[in-house]
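Some notes on the structure that comes next.
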Amino acid sequence: MTATPAATPATAAPRRRRGSSLLRRVLMALGLPVILLAIWWVASAGSESFFFPPLREILATFPATWFEGRITAEVLPSLMRLVMGYLIALVLGVGMGTAIGLSPRLRAFAEPALEFFRAIPPPVMIPIIMLFLGIFTTMKVFVIATGAVWPILLNTVEGVRGVDDVLRDTSSVYRLRPATKLRTLVLRGASPQIVTGARQALSIAIILMVISEMFAASNGLGFTIVQFQRSFAIPEMWTGIILLGLVGVVLSLIFRAIERPVLAWYTGLRQSQRGGN
């Protein structure tokens, strides 16, 4: 057996720096939420209001409210609709945005219609959509997709238009195949703005998921929160709002984990440019 060499000062210092950097990021991420919860806890400790119960009462109600079947019966259907609508918006937004961004004629033709439909708030369309699609899952997925598609589409158009002309000319000189040019030049060059639009669309999709379930539904997170409110189960209603915020945080972390490898080339480029300057 060979002995493992002891860490030298030269290798130990970078490890300590990485550890302190990770600890600093964790503290910065958790610092504000902990402070806000502490303020909420102290400010509501002596509350006697029926509509604003103490935080300790809300947290005590949380496990019995959600961990006895409602996670699978209410939260999972909401997440399924959210994922389906968001993926549809992502595919449509990137596909149509790429086509419009590559073609000035198509962009001039489609721009008035895009500006018109973008200006219509998706919640306003829910009663009309219900007339055609009913109150089932299809309606809710459609509402999420039609609302979340706009940030992705518009950012994709601008990202594709912003691809460097020199790189376009170089790809033409090397006679790259259209599929290779689309994958390695257009989509990769536009990926920072596409990711920005996708992040914005995720927030919109969560909002529309809740709103569509509040209008007409038989299950879901938004439906359950409204049912608690109508039955005056106020602590339970607050637990639903907290759970909705936690769902948003988890989805944001998942998005960030996917974003990091997708934009690794862009992050490296920015770091090299800052180092060069």
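Going by UniProt numbering, the sequence shown opens with residue 1, and the numbers climb by one from there.
Using N, Cα and C, we set each Cβ at its ideal position, and we do this for glycine too.
Predicted, not measured: the structure shown is a model, and the values here were computed from it.
Proximal residues to residue i (C-beta, below 6 Å), its chain only, five neighbours per side dropped
| i | result |
| --- | --- |
| tyrosine 266 | Pro192 |
| threonine 196 | Asn155 |
| glutamine 229 | Met237 |
| isoleucine 211 | Pro123 |
| leucine 92 | Val149 |
| lysine 181 | Ser171 |
Rounded C-alpha distance that separates residue i from residue j
| i | j | result |
| --- | --- | --- |
| leucine 131 | alanine 73 | 26 Å |
| phenylalanine 261 | serine 231 | In the sequence as presented, phenylalanine is not what sits at residue 261; that position holds proline. Distance between the alpha carbons of proline 261 and serine 231 is about 46 Å. |
| alanine 108 | aspartate 164 | 21 Å |
| isoleucine 120 | phenylalanine 215 | 18 Å |
| phenylalanine 50 | glycine 248 | 27 Å |
| alanine 257 | leucine 263 | 11 Å |
| leucine 87 | valine 94 | 11 Å |
| arginine 70 | phenylalanine 62 | 11 Å |
| glutamate 111 | threonine 146 | 17 Å |
| valine 157 | tryptophan 41 | 46 Å |
| glutamine 227 | leucine 32 | 31 Å |
| serine 129 | isoleucine 144 | In the sequence as presented, serine is not what sits at residue 129; that position holds isoleucine. Straight-line Cα distance between these residues: approximately 12 Å. |
| threonine 224 | valine 124 | 22 Å |
| tyrosine 174 | arginine 168 | 10 Å |
| isoleucine 35 | glycine 162 | 41 Å |
| leucine 269 | threonine 170 | 19 Å |
| arginine 183 | leucine 23 | 38 Å |
| arginine 56 | leucine 30 | 20 Å |
| serine 172 | lysine 140 | 44 Å |
| arginine 105 | isoleucine 207 | 34 Å |
Own chain, CB closer than 8 Å to residue i, minus 5 neighbours either side, in chain order
| i | result |
| --- | --- |
| glutamine 271 | none |
| proline 53 | Ser44, Ser47, Ile234, Pro235 and Trp238 |
| isoleucine 241 | Ile225 |
| leucine 202 | Tyr86, Ala148, Leu251, Ser252 and Phe255 |
| glutamate 259 | Val195 and Arg199 |
Pair within 8 Å by beta-carbon distance, residue i and residue j
| i | j | result |
| --- | --- | --- |
| methionine 96 | leucine 185 | no |
| arginine 188 | tryptophan 150 | no |
| alanine 205 | leucine 82 | yes |
| leucine 221 | leucine 246 | no |
| serine 78 | methionine 209 | yes |
| alanine 217 | isoleucine 126 | no |
Buried versus exposed, by CB contacts within 10 Å (16 or more), residue i
| i | result |
| --- | --- |
| glutamine 273 | exposed |
| glutamate 236 | buried |
| arginine 177 | exposed |
| tryptophan 66 | buried |
| valine 75 | buried |
| phenylalanine 116 | exposed |
| valine 166 | exposed |
| alanine 38 | exposed |
| residue 279 | One cannot answer for residue 279 here, as it falls past the ends of the chain, which runs 1 to 277. |
Cβ shell of residue i (< 7 Å), same chain only, five flanking positions each side left out
| i | result |
| --- | --- |
| leucine 90 | Ile152 and Ala198 |
| threonine 137 | Arg81 |
| valine 160 | Gly97, Thr98, Gly101, Leu102, Val186 and Ala190 |
| asparagine 219 | Ala73, Glu74 and Pro77 |
Distance cut-off 7 Å: residue i Cβ against heavy atoms of the ligand FMN
| i | result |
| --- | --- |
| glutamate 74 | As presented, the structure is devoid of all ligands, the ligand FMN included, so that no description of it is given. |
Interface flag, residue i vs chain C, CB-CB below 8 Å
| i | result |
| --- | --- |
| glycine 95 | The structure shown contains no chain C, having only a single protein chain. |
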